[in-house]
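What follows is a short report on a single structure.
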Amino acid sequence: MPLTLEDFWYSFIMLFVVLDSIGNIPLFYSITEKMSSEERAKAFTKSIVVASMLLTIFAVAGHNLFSWYGSSFVDFKVAGGLLLLLIALGEILGRIEAEQLRSEEIAVVPMATPLLAGPGSIYTVIYLNSTYGLIPTLVSIALNTGVAYVILSKSSLILRKAGRNTLLALARILAFLLAVFAVTMIRSGIEEIAASLLKG
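This is the structure:
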């Protein structure tokens, strides 16, 4: 099937919601608050590069990896939908404070993974590749990590202008959209399983 603008748009929006760059602003800023501006910029850059590499690897090879273990895409859709739903509920109800997320190499852990390239976003890029194709998925990864870098590099300014509470409220709204996506995936997977059982 030929690619459409909708394929690129849906791929971008879905990964944007899962990456939650806006909701990560207070977390990332708090984690790096004791760094200089130069150190913070380097940490943001490294986290984006590592996250981009992880998402690209799983977008390209993730489906084959799970198929090798005997998992069908329907299995993956239901399990991934449940995972995204749990992540969304965690976002809506409140998640761990950034002060508890410490690491010697914070640009990689927890910033690149699991905050950016976590289980939810890894599942999402595999799902997008299987649903919309590799090219829209790779474009979505490139655009979203680019947007994430711009947002995070301007995090101090955004926090001053918008305020922490405003950003957290917006993050809750995005989490609700993620929950909707997750339920849609679960329903679709269950319908495919039911149809397969009825045929068999």
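Everything in the sequence shown is counted per the working numbering, starting at 13 for the first residue and increasing by one. The beta carbon of each residue, even a glycine, is placed where N, CA and C say it ideally should be. None of these values were measured; they are calculated from a predicted model.
Close beta carbons around residue i, own chain, < 6 angstroms, minus the five adjacent residues each side
i: LYS166; result: none
i: ASN156; result: LEU27, PHE28, LEU31
i: MET197; result: LYS89, GLY93
i: PRO148; result: ASP19, PHE20, SER23
i: ALA119; result: ALA55, LYS58, SER59
i: ILE202; result: none
i: ALA174; result: none
Cβ neighbour criterion (16 or more within 10 Å) applied to residue i
i: ALA206; result: exposed
i: ASN36; result: buried
i: ARG199; result: exposed
i: VAL62; result: buried
i: ALA73; result: exposed
i: PRO122; result: buried
i: ILE108; result: Unreliable positioning characterises ILE108 in this predicted model, as indicated by a pLDDT of 46, which lies under 50. The coordinate reading is nonetheless provided below. ILE108 should be labelled exposed.
i: SER133; result: buried
i: LEU15; result: exposed
i: SER208; result: exposed
i: GLY213; result: Given that the chain is displayed from residue 13 to residue 212, the structure contains no residue 213 and the question cannot be resolved.
i: LEU17; result: exposed
Span of the alpha helix (DSSP H), counted from its first residue to its last, around residue i
i: ILE205; result: 176-211
i: PRO14; result: Here PRO14 belongs to no alpha helix (DSSP H), and DSSP marks it neither H nor E.
i: MET65; result: 49-80
i: THR136; result: 131-144
i: ILE118; result: Where ILE118 is concerned, there is no enclosing alpha helix (DSSP H), given that its DSSP letter is neither H nor E.
i: LEU127; result: No alpha helix (DSSP H) contains LEU127, which DSSP labels as neither H nor E.
i: PRO122; result: Counting along the chain, PRO122 falls outside any alpha helix (DSSP H), and DSSP gives it neither H nor E.
i: SER42; result: 33-43
Contacting residues, own chain, Cβ-Cβ under 7 angstroms from residue i (five flanking each side not counted)
i: MET47; result: ALA55
i: ILE65; result: In the sequence on display, residue 65 carries Met and not Ile. No residues qualify anywhere along the chain.
i: LEU128; result: LEU31, SER59, ALA63, ALA160
i: LEU95; result: PRO131, GLY132, TYR135
Cβ-based neighbour list, residue i, same chain, cut-off 8 angstroms, excluding 5 preceding and 5 following
i: ARG176; result: PRO38
i: THR125; result: VAL62, ALA63, LEU66
i: ILE138; result: PHE70, ALA71, GLY74, HIS75, PHE78, PHE88, GLY92
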